[in-house]
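Q: Here you go, one structure.
2 protein chains.
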Amino acid sequence: MKAFFGTFINKVDAKGRVSIPAPFRAVLQARGLASVALHPSLFETCLDGAGFDRFEDLERQISDSFTPTAGNEAAELIMGELRELPLDGDGRIVLPDEFIAKANLTDQAAFVGQGRKFQIWEPTALANLKKAKLQRVAASMKTEGQP
Amino acid sequence: MKAFFGTFINKVDAKGRVSIPAPFRAVLQARGLASVALHPSLFETCLDGAGFDRFEDLERQISDSFTPTAGNEAAELIMGELRELPLDGDGRIVLPDEFIAKANLTDQAAFVGQGRKFQIWEPTALANLKKAKLQRVAASMKTEGQP
DNA sequence: TGAATTCCCATGAGATACCATGAAAGTCTG
DNA sequence: CAGACTTTCATGGTATCTCATGGGAATTCA
Numbered sequence: 455m456k457a458f459f460g461t462f463i464n465k466v467d468a469k470g471r472v473s474i475p476a477p478f479r480a481v482l483q484a485r486g487l488a489s490v491a492l493h494p495s496l497f498e499t500c501l502d503g504a505g506f507d508r509f510e511d512l513e514r515q516i517s518d519s520f521t522p523t524a525g526n527e528a529a530e531l532i533m534g535e536l537r538e539l540p541l542d543g544d545g546r547i548v549l550p551d552e553f554i555a556k557a558n559l560t561d562q563a564a565f566v567g568q569g570r571k572f573q574i575w576e577p578t579a580l581a582n583l584k585k586a587k588l589q590r591v592a593a594s595m596k597t598e599g600q601p
Numbered sequence: 455m456k457a458f459f460g461t462f463i464n465k466v467d468a469k470g471r472v473s474i475p476a477p478f479r480a481v482l483q484a485r486g487l488a489s490v491a492l493h494p495s496l497f498e499t500c501l502d503g504a505g506f507d508r509f510e511d512l513e514r515q516i517s518d519s520f521t522p523t524a525g526n527e528a529a530e531l532i533m534g535e536l537r538e539l540p541l542d543g544d545g546r547i548v549l550p551d552e553f554i555a556k557a558n559l560t561d562q563a564a565f566v567g568q569g570r571k572f573q574i575w576e577p578t579a580l581a582n583l584k585k586a587k588l589q590r591v592a593a594s595m596k597t598e599g600q601p
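Here the protein sequences line up with chains Z and A, keeping their order. What the first sequence shows, in the working numbering, is residues 455 to 601, in sequence order. What the second sequence shows, in the working numbering, is residues 455 to 601, in sequence order.
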């Protein structure tokens with residue numbers, strides 16, 4: 455299946471509109487979707503997005519990484535904030551104000567492909583995150599002695 | 455299976471276009487691919503490339519959960535920077551500006567075959583790397599007493 | 001009716017496809 | 001064996017098209 459990958463920075467205009475990067479649109483289109491499902495990440499300052507199909511059996515997927523009760527509650531939290539945003543004729547969505555606030559977005563949004571899903575970050579925050587991740591990877595390679 | 459090997463230096467033009475060396479194209483073609491998958495190396499000043507098939511299991515390595523810590527962060531970083539670059543009719547790709555910057559490329563790019571994958575280096579940086587590698591090999595032979 | 005939202009169109013920049021040139025390697029032929 | 005021709009490649013330029021983005025009209029909802 456086609457996946458979301460790569461990073462693309464697009465502008466958020468005064469109306470809260472952003473273009474979904476063309477490669478991401480292609481992934482959605484390949485699945486016959488004309489909308490994006492979005493929700494604020496539970497633990498990170500960003501938005502998680504995918505085709506709506508990803509969230510259809512949310513409870514089952516999420517219970518893998520939490521205890522059963524915590525899993526249910528996590529699913530409830532996500533479901534409560536999940537929005538299905540239709541693409542307009544030009545491939546844009548309108549970000550709800552709460553989402554813009556939660557992800558600290560101003561005038562730019564970085565779309566980061568992560569396989570089955572993608573994330574939307576404020577570009578500077580993304581740069582910091584990448585730096586931190588890289589350091590963790592480097593450190594774990596050192597301790598685990600991998601090349 | 456055919457492998458990438460040998461080093462080829464090609465020109466990067468003003469638009470960021472480079473010819474993929476013909477032998478590398480042959481490898482791709484043998485697999486039925488008309489594009490190259492590229493990403494900046496995590497720890498080296500170069501680009502890593504291969505057929506897209508090489509990156510397909512990256513998706514599986516990325517945690518499908520909704521926790522930020524559970525996943526393979528190296529896979530997340532690579533997925534976030536991976537690009538699929540189609541070959542034009544003449545066997546060229548156009549390098550995104552960020553890639554050119556990350557690998558310090560100016561007007562030349564050295565393609566280095568490494569079996570399943572290949573790398574793209576700024577030629578001078580590659581020369582320095584080769585020198586350093588050779589010295590390490592020589593040093594280890596001395597300490598291990600091999601001829 | 002006023003505000004917000006959705007739809008539609010215009011525009012320019014950037015990306016992609018297409019064509020041309022020229023050098024180098026290889027092949028055929030006399 | 002030598003010379004001429006052919007083919008493959010790398011590379012440069014140009015035309016065409018896609019995409020991101022801005023503005024405004026139309027529509028909906030309160």
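We treat Cβ as the ideally placed atom computed from N, Cα and C, and that holds for glycine.
Are the C-beta of F572/A and some C-beta of chain Z separated by less than 9 Å?
A: Here residue 572/A corresponds to residue number 118 of the second sequence, with the count starting at 1. F572/A does not count as touching chain Z.
Q: Under the assumption that F458/A contacts Q568/A (Cβ atoms under 8 Å), give the Cβ distance between them as a whole number of angstroms.
A: For the purposes of this step, residue 458/A is taken as residue 4 along the second sequence, with counting starting at 1. For the purposes of this step, residue 568/A is taken as residue 114 along the second sequence, with counting starting at 1. So it is a contact: roughly 6 Å between Cβ atoms.
Q: Leaving out the 5 sequence neighbours to the left and right, which residues in its chain are closer than 7 Å to L531/Z when beta-carbon positions are compared?
A: As a position in the first sequence, residue 531/Z is number 77, starting the count at 1. Closer than 7 Å at the Cβ level, and outside the excluded window around L531/Z, lie L496.
Q: Shorter than 9 Å from the beta carbon of L588/A to some beta carbon of chain Z?
A: For this step, residue 588/A is matched to residue 134 along the second sequence. For L588/A, the answer is no, since every Cβ of chain Z falls outside 9 Å of its Cβ.
Q: Tell me the rounded alpha-carbon separation between F565/Z and G505/A.
A: Taking the first sequence and counting its residues from 1, the one referred to as residue 565/Z is at position 111. Taking the second sequence and counting its residues from 1, the one referred to as residue 505/A is at position 51. Roughly 23 Å between the two C-alpha positions.
Q: With the cut-off set at 9 Å, would you say A484/A and L539/A are in Cβ contact?
A: To locate residue 484/A, count along the second sequence from 1; it is residue 30. To locate residue 539/A, count along the second sequence from 1; it is residue 85. Taking 9 Å as the Cβ cut-off, A484/A and L539/A do not qualify as a contacting pair.
Q: With H, G and I counted as helix, E and B as strand and the rest as coil, what does DSSP make of A555/A?
A: As a position in the second sequence, residue 555/A is number 101, starting the count at 1. Residue state, collapsed to three classes: helix.
Q: Please classify A563/Z as buried or exposed, where buried requires at least 16 neighbouring CB atoms within 10 angstroms.
A: Locating residue 563/Z in the first sequence gives position 109, where the first residue counts as 1. It is buried - the Cβ of A563/Z has at least 16 other Cβ atoms within 10 Å.
Q: Am I right that D470/Z and F572/Z are in contact with their C-beta atoms under 8 Å? What's the rounded C-beta distance?
A: Here residue 470/Z is taken as the residue at index 16 of the first sequence, counted from 1. Here residue 572/Z is taken as the residue at index 118 of the first sequence, counted from 1. Before going on, a small fix: residue 470/Z reads as Gly here, not Asp. Wrong, their Cβ atoms sit about 18 Å apart, outside the cutoff.
Q: Go through its chain and collect everything with a Cβ distance to T461/A's Cβ below 8 Å, but skip five positions before and after it.
A: The count along the second sequence starts at 1 and reaches residue 461/A at position 7. Correct list, in chain order: A564, F565, V566, G567 and L580.
Q: Note down, in chain order, each residue of its chain lying with its Cβ closer than 7 Å to the Cβ of F509/A, except the 5 sequence neighbours on either side.
A: Taking the second sequence and counting its residues from 1, the one referred to as residue 509/A is at position 55. A491 and L536.
Q: Of the residues L541/A, D467/A, K556/A and F553/A, which one's Cα is nearest the Cα of F478/A?
A: Position 24 of the second sequence, counted from the start, is the residue given in the question as residue 478/A. Of the candidates L541/A, D467/A, K556/A and F553/A, the one whose C-alpha sits nearest the C-alpha of F478/A is L541/A.
Q: Counting only the same chain and skipping the five closest in sequence on each side, list residues whose C-beta sits under 8 Å from that of R570/A.
A: One-based indexing of the second sequence puts residue 570/A at position 116. Within the same chain, R570/A has close Cβ partners A457, F458, A504 and R508.
Q: Of all the options H493/A, P577/A, M595/A and D551/A, which has the alpha carbon lying nearest to the alpha carbon of A468/A?
A: One-based indexing of the second sequence puts residue 468/A at position 14. Comparing Cα-Cα distances from A468/A to each of H493/A, P577/A, M595/A and D551/A, the minimum goes to D551/A.
Q: Relative to the C-alpha of A529/A, which candidate in P494/A, T578/A, N558/A and V591/A has its C-alpha closest?
A: Residue mapping note: residue 529/A aligns to position 75 of the second sequence, counting from 1. Nearest option by C-alpha distance: P494/A.
Q: Rounded to the nearest angstrom, what separates A555/A and T521/Z at their Cα positions?
A: Position 101 of the second sequence, counting from 1, holds the residue named residue 555/A. Position 67 of the first sequence, counting from 1, holds the residue named residue 521/Z. Using only the alpha carbons, I get a separation of about 44 Å.
Q: Helix or strand or just coil, what does DSSP make of P475/Z?
A: Sequence index remark: in the first sequence, residue 475/Z carries index 21 (1-based). It is coil, neither helix nor strand.
Q: In or out: G402/A buried (at least 16 other Cβ within 10 Å) or exposed?
A: One cannot answer for residue 402/A here, as it falls past the ends of chain A, which runs 455 to 601.
Q: My output table needs one value for F509/A: the three-state DSSP class, helix, strand or coil.
A: Here residue 509/A refers to the residue found at position 55 of the second sequence. Helix, per DSSP.
Q: Can you check DSSP and say which residues form a bridge with F572/A?
A: On the second sequence, residue 572/A is found 118 positions in, with the first residue counted as 1. Answer is G503/A and G567/A.
Q: From the DSSP output, in three-state form, read off R603/Z for me.
A: No answer is possible for residue 603/Z: the residues shown for chain Z start at 455 and end at 601.
Q: Quick one: list the residues of chain A neighbouring A457/Z, beta-carbon separation under 7 Å, in chain order.
A: Stepping through the first sequence from its first residue, residue 457/Z is reached at position 3. In chain order: E513.
Q: Please name the residue in T560/A, K596/A, N526/A and G486/A whose C-alpha comes closest to that of V472/A.
A: What you label residue 472/A is simply residue 18 of the second sequence in a count that begins at 1. Nearest of T560/A, K596/A, N526/A and G486/A to V472/A, Cα basis: T560/A.
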